[in-house]
Amino acid sequence: SSTSTDETKAAKKMTLLDNASNFLTNFLSGGNIGPMPIAEGAVSDLFGKPLFFSLYDWFIEHGSVYKLAFGPKAFIVVSDPIVARYILRENAFSYDKGVLADILEPIMGKGLIPADLDTWKQRRRVIAPGFHSLYLEAMAKVFTDCSVRMTKKFDNILDEMASKGENKIELDLEAEFSSLALDIIGLGVFNYDFGSVSKESPVIKAVYGTLFEAEHRSTFYIPYWKIPLANWLVPRQRKFQNDLKVINDCLDGLIQNAKETREEADVEKLQQRDYLNIKDASLLRFLVDMRGVDADDRQLRDDLMTMLIAGHETTAAVLTWAVFLLAQNPAKMKKAQAEIDSVLGQGRTTFESIKKLEYLRLIVVESLRLFPQPPLLIRRSLKPDKLPGGYNGDKDGYSIPAGSDIFISVYNLHRSPYFWDNPNDFEPERFQVQKSSEVEGWAGFDPSRSPGALYPNEVISDFAFLPFGGGPRKCVGDQFALMESTVALAMLLQKFDVNLRGSPDSVELVTGATIHTKNGLWCQLRKRPSDSH
Ligand code: HEM
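full-length UniProt numbering applies: residue 50 is where the sequence shown begins, and numbers increase by one.
This is how it looks when you write it as structure tokens:
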């Protein structure tokens, strides 16, 4: 159409301008820039398919650091472990969350994800110790209880169907995993049982409304200037404000309650409580009881809201894609079930048994490799910087001006043909193989760099695999989420055989903050024959 031709022309014009200003900036800052390759995005790239697919094609075409020009806006796209390591770890404090902080601040306030550096430093020091090993042990029980509540529900429906002569049920497992993850995060973070696996409530509806809005806003990091805002922003804002108020009232009540029952103690003492037997093992309890830290109610609420959002859809997405991948690989599904049978029999998962479910743990990380949540990490440079030379395309590295917006494409890194064999194949076993590096500046895969790690991580892979980011802003909930996913998968596959209802191609991807399906992950569940375990 003529509109899209105009848009393309306008985009080209802006790109030219942008190139000129980029050249000037680099010239003035004395950067030794060989000009960064430029991918020109058309507006249609944003709507036809998920953006990270296009970012991948341009990565193969332009190399591991390129500039993406979209109309008046430009982003530097990084698909390189050496450059990612530099931005996330070596020079982490020269970058902030840029566009992402602007989007999330109205929801998460000064929670860890969007927080300014000062607030972040204070709160990270207090929150990270909350994920200590006795807490995780208590959580393993919560993960199991909630997962069993979900499988019992499926079991009951299957029993009903059996009386009608049917031996299977069809379910949208993505929706079920979302409820499960919500129940778990509520209990783990503020000892509140949403009970969403079995019911709906105004608070649950408000959480979904808020998540939807957070998700929607996250898709705006590029096309926000394209949207005719005024028409729908107002009713939408009103609904959003109402949803936020419902959740905030709920969180405020929980915070008041926790403060009224405060039992102050030093961190070391708090970490030694009898977590398996106390009534409230939540993170909120820990944060309120910590001696010498007087967070105001607003800060606590921001912290809780951030963890609620950060820990909910992400984990649900890991489970969704793990099932999607397993269903297409029946031999691996069988191998997983054989491991579950031999480790657990008919029993439940425990903190100890997670350590024995090795194949299941690798399935979780392999699912995160193929479907990282979120697929892009977002940063903005606070001052001019010189990026190190990357793997391909730019050996010397580029100088970038202050205010540069950067996407680290975890999706590209995780599927990079330069660092992975058969990058698009689902092969959990790949993590069992140590790999030395042929790439200058990259240390290869070596588990001994992270002794005792239950799950492969960014240190073992020297930033070729970074499902939870890396450096100081790395996810605080990584072990929580990994164990939760392992337990939920184990409890599901112990009881049921799972197939996709339609073809894998019919499961369309969409993305916002996480990668999810367009219309749900519709699966068929059958009870496993009792002689198979
Ligand atoms: C940060 C992924 C679960 C809390 C992050 C980051 C990633 C990530 C990639 C880094 C973002 C960046 O550098 O820009 C995931 C995935 C999860 C998960 C894939 C599930 C599979 C959780 C859970 C919690 C949580 C369960 C809390 C209970 C946080 C927080 C941050 C964060 C608070 C910000 C950390 C900081 O800036 O200091 N997450 N996360 N996440 N995550 Fe997670």
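The C-beta atom is built at its ideal place from N, Cα and C for all residues, glycine as well.
Apart from the 5 residues on each side of it in sequence, Leu431 sits with its Cβ closer than 7 Å to the Cβ of Ser143, Tyr144, Asp145, Ala451 in its chain, given in chain order.
Contact annotation, Ala307 with Ile564: C-beta distance approximately 35 Å; criterion of less than 8 Å not satisfied. Under DSSP, the beta-bridge partners assigned to Tyr115 are Val126. Counting other Cβ atoms within 10 Å of its Cβ, Met210 stays below 16 and is therefore classed as exposed. With respect to Tyr105, Arg464 sits close: the two C-beta atoms are nearer than 8 Å.
At a Cβ-Cβ threshold of 8 Å, Val413 and Leu570 do not count as neighbours. Assignment of Tyr135 by DSSP, reduced to helix, strand and coil, places it in the helix class. Following the DSSP letters along the chain, one finds Arg428 inside the beta strand (DSSP E) bounded by residues 425-430.
Thr398 sits in coil when the DSSP states are folded into three classes, being neither helix nor strand. Secondary structure note for Ser196: its alpha helix (DSSP H) is the uninterrupted segment 182-211. For ligand 1, no non-hydrogen atom lies closer than 7 Å to the CB of Pro505. Counting of Cβ neighbours within 10 angstroms places Ile109 among the exposed residues, the total staying below 16. Residue pairing of Arg575 in beta bridges, as defined by DSSP: Lys217, Asp546. In this structure, Val459 places its C-beta atom within 8 Å of the C-beta atom of Pro421. Bounds of any alpha helix (DSSP H) do not take in His361, whose DSSP letter is neither H nor E. Here the alpha carbon of Met85 sits roughly 20 Å from the alpha carbon of Leu100. In this chain, Ile233 is not harboured by any beta strand (DSSP E); it is covered by the alpha helix (DSSP H) spanning 222-239.
Residue pairing for Lys404: DSSP places it in no beta bridge.
Counting along the chain, the unbroken alpha helix (DSSP H) around Asp151 starts and ends at 148-157.
Counting only runs that start and end inside the stretch 299-372, the alpha helix (DSSP H) elements of at least 4 residues fall at 316-319, 332-338, 346-359.
Setting aside the 5 residues that flank it on each side, Phe529 is surrounded in the same chain by Phe180, Leu185, Met188, Gly237, Gly360, each with a C-beta closer than 8 Å to its C-beta; the list follows chain order. Ser497 sits in a helix when the DSSP states are folded into three classes.
In the structure shown, Asp470 adopts coil according to DSSP, grouped into three states.
If you draw a straight line from the Cα of Val126 to the Cα of Thr363, it comes to about 22 Å. Proximity to Glu249 across Phe239, Arg429, Ala539, Leu229 peaks at Leu229, based on C-alpha coordinates. Annotated three-state conformation of Lys523 is coil, per DSSP.
Assignment of beta-bridge partners to Leu558 by DSSP yields Thr566. Bridge partners of Ile455 according to DSSP: Ile125, Arg428. DSSP, reduced to helix, strand and coil, places Glu507 outside both helices and strands of the structure shown, so it counts as coil. For Glu388, there is no enclosing beta strand (DSSP E); the enclosing alpha helix (DSSP H) has its first and last residue at 379-393. By the neighbour-count criterion, in which a residue is buried when 16 or more other Cβ atoms sit within 10 angstroms of its Cβ, Gly526 is buried.
Here the stretch 547-557 does not lie against the stretch 198-209, with fewer than 3 beta-carbon pairs under 8 Å apart. Distance from the CA atom of Asp242 to the CA atom of Phe480, rounded to whole angstroms, is 36 Å. Taking C-alpha positions only, Asp434 is separated from Ser448 by approximately 6 Å. Judged by the Cβ position, Met356 qualifies as a neighbour of ligand 1 at the 7 Å threshold, a heavy atom of the ligand being closer than this.
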